[in-house]
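This note's numbering applies: residue 946 is where the sequence shown begins, and numbers increase by one.
For glycine and all other residues, C-beta sits at the position ideal for the given N, C-alpha and C.
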Amino acid sequence: MAFPPASQATAPAPWLKWTAFGIGVGALLTSSAATAASALAAYFARRVVTPARTREENLEILAVTGAGQSQRVILPANEDTTVEGTYSLYFNRGAGHARIGAIHSYSPGEGTVERDVEEVYAGDLRTARRGWWSGSVYPAPSGMGFADEEVQVPVDGGVAPAWLIRAESPADTWAIMIHGRGAQRTEALRAVRTARSVGLTSLVISYRNDGDAPFAPDGRYGLGATEWRDVEAAIDYAIAAGAQEVVLFGWSMGGAIALQTADLSRHRRRIGALVLDGPVVNWIEVLAYHAQLNRIPAPVGRLGQWLLANDAAKRITGLAAPLDLKSMDWISRAEQLTIPTLILHSEDDEFVPVAPSVELAERNPAFVTFERFHRARHTKEWNVDPARWEETVSRWLDRVLHQRTLPGGRHPGAEARPQSP
């Protein structure tokens, strides 16, 4: 989830890439301030809620060397490709997919990095010329050694495909895994092994506008305000299949969706915990950050937020209904979060700043645990240090889910949440 400046050498995720537009309109401000500011604010607002239908191949593939287990790929050195860890390189418009591992050599003078190719899942990497970098490592559960069991979750407008990865033994607690904006359910597969290690069955879901699930009637993101209904449908599915309790995992905007679900779901009492990776906990701050990142004057950024939040601007944004951004500000609502929550967030997250996550944990230490990572780019904490990520999550979940302190098996705070029917 991102909209970095076009001047950055990184490979941006599929949010926005529009600095040139912002600079151009900025130049117009000197001659027609009101008109230019309104146009830029409208553009900003629309881009925030409009799903990208295609992914830009913005990373050049310079060469592929070796063969078999010794195959390597040479890429331009940038702030993504020079960070240690395990990642994916997608190519041929997404039809090709390779898992990329350790850095073999780095030549700052030449501006290149050579990395190991751990596995090619699809396509011919040797003939590829361009692609994009991703933290979504596995193409399907089978890439991790699990069965590709796909199920259909009934949602508004049809059915949403989901992967079901069963626990080793029958489980009454399920993990519902929610990917981020512009990503797909493959993003969440990184957490499946960890969930399974603590006895959870995992349901890795799709939701409206992600390319797998049905599109929303207005074809717009709700930043969590609408998507949570698809998570509610997934909880319905889990309960019908025998789940008594769920843990919501959310990445980036998926974190915002998880928080909305915890707030609004009729199954609130069944949500035992939240595990949030690089989450959006305050859209107002995130949108202000991206306005600044793209050299948009602060008043214009605030106007864009106003357009998203007001009924009179629906024709401009394309939204069926305005978005209540204040209701999704969990900094100001910190005391209302009464579900045990683990936040994993890197201080080097370039798209969703870490500060709001830190502040939420500071304001609500009774229910929010914060784990700081370093060097990891947006939602790539697992990619940089999978052992630490998995150990942190598994130990925390084991404590929260399996070492209850209140009578009746309830975790702290359960009595404060309204009961579902």
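Residue i versus residue j: straight-line alpha-carbon distance, rounded
{"i": "L1346", "j": "P1267", "result": "37 Å"}
{"i": "Y988", "j": "R1278", "result": "29 Å"}
{"i": "F1091", "j": "N1227", "result": "35 Å"}
{"i": "L1253", "j": "L1168", "result": "11 Å"}
{"i": "A1043", "j": "V1018", "result": "10 Å"}
{"i": "E1190", "j": "P1244", "result": "44 Å"}
{"i": "I1276", "j": "I1288", "result": "14 Å"}
{"i": "V1313", "j": "A1133", "result": "21 Å"}
{"i": "I1261", "j": "D1069", "result": "43 Å"}
{"i": "E1055", "j": "E1001", "result": "24 Å"}
Neighbour flag for residue i against chain B, beta carbons, 8 Å
{"i": "A982", "result": "No chain B appears in this structure, which consists of one protein chain only."}
Nearest to residue i (by Cα), restricted to the options the options
{"i": "I1180", "options": "F1160, N1154, G1164, S1147", "result": "S1147"}
{"i": "H1323", "options": "W1196, R1260, T1314, T995", "result": "W1196"}
{"i": "I1229", "options": "L1264, L1270, A1265, A1236", "result": "L1270"}
{"i": "S1142", "options": "N1037, I1110, R1074", "result": "I1110"}
{"i": "S983", "options": "E1307, W1173, W1251", "result": "W1251"}
{"i": "S1339", "options": "G1144, G1056, T1072, V1098", "result": "G1144"}
{"i": "A1112", "options": "R1138, G1246, P1021, A1332", "result": "R1138"}
{"i": "E1063", "options": "H1049, S1114, W1327", "result": "H1049"}
{"i": "D1274", "options": "W1327, I1202, A1265, D1294", "result": "I1202"}
Whole-Å CB distance - residue i paired with residue j, under 8 Å assumed
{"i": "G1076", "j": "Y1035", "result": "5 Å"}
{"i": "E1095", "j": "P1106", "result": "6 Å"}
{"i": "L1163", "j": "W1078", "result": "Note on identity: in this sequence residue 1163 is Asp, with Leu being the wrong assignment. Contact flag wrong, Cβ pair sits at about 31 Å."}
Under 8 Å between C-beta atoms of residue i and residue j
{"i": "R1165", "j": "S1151", "result": "no"}
{"i": "I1284", "j": "A1233", "result": "no"}
{"i": "L1007", "j": "R1060", "result": "no"}
{"i": "V1192", "j": "A1120", "result": "yes"}
{"i": "I1216", "j": "L985", "result": "no"}
Under the three-state DSSP convention, the category residue i falls into
{"i": "I1216", "result": "strand"}
{"i": "F989", "result": "helix"}
{"i": "T980", "result": "helix"}
{"i": "Q1373", "result": "Within the shown structure, residues of the chain are numbered from 946 to 1366, placing residue 1373 beyond reach of any answer."}
{"i": "A1311", "result": "coil"}
{"i": "W1196", "result": "strand"}
{"i": "P1084", "result": "coil"}
{"i": "N1023", "result": "coil"}
{"i": "V1058", "result": "strand"}
{"i": "P1242", "result": "coil"}
{"i": "L1264", "result": "coil"}
{"i": "W1341", "result": "helix"}
{"i": "V896", "result": "Nothing about residue 896 can be reported from this structure: the residues present for the chain run from 946 to 1366 only."}
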